[in-house]
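When we follow UniProt numbering, the leftmost residue of the sequence shown carries the number 1, and every step to the right adds one.
Below is one structure, written out as structure tokens; comments come after it.
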Amino acid sequence: MTGALGSPVAGYSHGMKQKLALISALIRDPKLLLLDEPFVGLDPVASHILKEYLHELCNNGAAVFFSTHVLEVAQKLCDHIAIIRDGHLVECGKTEDVVGNSSLEEVFLELARQGGEATEAVQ
């Protein structure tokens with residue numbers, strides 16, 4: 001990011017804008033953090049750094065809520081999961097209780113089937 005200092009933010013790539021927004025949110029060591037799709041647009045190194053930082057925040061007593069369509073990330077990072085469909089909460093609980101012996105993706109797809117969503121949207 002330091003190479004872009006002095007450049008107008010309007011000229012930043014999506015990933016650079018995402019990094020700037022995350023830095024702005026994290027700079028004051030928040031105790032509550034709400035993030036919408038925080039990994040979208042980040043390169044693998046930045047994603048890894050963010051995952052480690054979010055984990056550290058939680059270990060230090062912060063609460064982190066984030067939305068994501070990357071179910072593997074949610075399953076790996078979160079100790080509690082909530083699944084929302086059409087604006088309604090359809091599943092919520094400790095990650096291990098929600099997932100059981102499946103993956104979060106399998107749980108999500110089963111809930112989508114129960115809700116009448118077409119599986120072709122995922123294919």
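Beta carbons: idealized from backbone N, C-alpha and C, even for Gly.
Since this is a predicted model, take the numbers as computed values, not measurements.
Residue span of the alpha helix (DSSP H) that contains residue i, given as start and end
{"i": "L42", "result": "Unbroken run through L42: none, as it is neither H nor E."}
{"i": "E72", "result": "71-77"}
Span separating the alpha-carbon of residue i from that of residue j
{"i": "S7", "j": "I27", "result": "21 Å"}
{"i": "I49", "j": "S13", "result": "19 Å"}
{"i": "E120", "j": "A112", "result": "Note on E120: pLDDT 41, under 50, position unreliable in the model; the coordinate value appears next. Near 11 Å, if we compare the C-alpha coordinates of A112 and E120."}
{"i": "K17", "j": "A63", "result": "24 Å"}
{"i": "Q114", "j": "S102", "result": "17 Å"}
{"i": "D29", "j": "E110", "result": "37 Å"}
{"i": "A46", "j": "H55", "result": "14 Å"}
Option in the options with minimal Cα separation from residue i
{"i": "Y53", "options": "E106, L33, E72, A112", "result": "L33"}
{"i": "K94", "options": "G15, Q114, Q75, S24", "result": "Q75"}
{"i": "L77", "options": "C58, L20, K19, L109", "result": "C58"}
{"i": "D36", "options": "P44, A46, A25, D79", "result": "A25"}
{"i": "P38", "options": "P30, D86, R85, G15", "result": "G15"}
{"i": "V40", "options": "E56, V9, K31, L20", "result": "L20"}
{"i": "H80", "options": "L104, H88, G87, S47", "result": "L104"}
Whether residue i touches residue j by CB criterion (7 Å)
{"i": "V73", "j": "I83", "result": "no"}
Beta strand (DSSP E) segment containing residue i, residue limits
{"i": "S67", "result": "63-67"}
Query raised in the report: Given 8 Å as the limit, is there contact between the region 64-73 and the region 89-98, that is, 3 or more CB pairs closer than that?
Result: No contact exists between the region 64-73 and the region 89-98.
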